[in-house]
Amino acid sequence: MLRAIYPGSFDPVTFGHLDMIRRSGQIADELIVGVLNNKAKTPLFSVEERVRILEEVTKDLPNVKVMAFDGLLVEFAKQIGAKVIVRGLRAITDFEYELQMSQTNHKLEPEIETMFLTTSLEYSFLSSTTVKEVAAFGGDITQFVPELVVDKIEEKMKTKRRV
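When the letters of the sequence shown are read in order and numbered with full-length UniProt numbering, they come out as residues 1 to 163.
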């Protein structure tokens, strides 16, 4: 059985992420969506919120599980028995960074491989940062994220404006 992990911050999850999850889930017998709890950053959504959102938007994918983690990705992969790390590539600039991370991870845990998937063309420009910037200026993000995420971001933006 091939267990793979698709890690990220998913702050927020986008249609690009969901495309990668669906496609990775067709390759792996079991796909763990690993939600990074990066204590060095201040996310829009807490790790618990991101896990709940991802569980909701992937509920129709029976071989996908969502789990939070912190620390080294390869340690988490080893802990859950994942042999493959899936990473999405939007542009050549992504490749340079991801190649370095892949080589570092392989040095730390040689039995864990990294698989690169290029993003679908319609999502090649999309990032969580872009979504947050568009939302912060009142732009329409419905073409970038699921409806549930639109609602959650609107709630967060209203709360920020009141503070």
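Don't be surprised by glycine CBs; every beta carbon is placed ideally from N, CA and C.
- Across the set ASP151, THR119, ILE5, the C-alpha of THR119 shows the shortest separation from the C-alpha of GLY16.
- Scanning its chain for C-beta atoms nearer than 6 Å, with the 5 sequence neighbours on each side dropped, one finds around PHE69 the residues GLY34, PHE76, in chain order.
- Only residues of its own chain outside the window of five on either side were considered, and among them LEU148 have a CB closer than 7 Å to the CB of GLU56, listed in chain order.
- Bounds of the beta strand (DSSP E) holding THR118 are 113-118.
- Going by DSSP, LYS65 is part of the beta strand (DSSP E) stretching over 64-69.
- Here the alpha carbons of PHE125 and ARG50 stand approximately 22 Å from one another.
- The Cβ atoms of PRO12 and PHE45 sit closer than 8 Å to each other.
- LYS132 has its alpha-carbon roughly 11 Å from the corresponding atom of LYS156.
- The criterion of a C-beta distance shorter than 8 Å is not satisfied by ASP19 and MET1.
- CA-to-CA, the gap between ILE5 and VAL84 works out to about 6 Å.
- Taking C-beta atoms under 8 Å as the contact rule, SER24 and LEU117 qualify, at a distance of about 7 Å.
- Secondary structure remark: continuous alpha helix (DSSP H) runs of at least 4 residues inside the segment 38-66, in chain order: 47-57.
- One thing to note: LEU61 has its Cβ within 8 Å of the Cβ of ILE21.
- Within its own chain, the residues whose Cβ lies closer than 8 Å to the Cβ of ILE80, once the five positions on either side in sequence are excluded, are ARG3, ILE5, ILE32, MET67, listed in chain order.
- DSSP lists no beta-bridge partner residue for VAL150.
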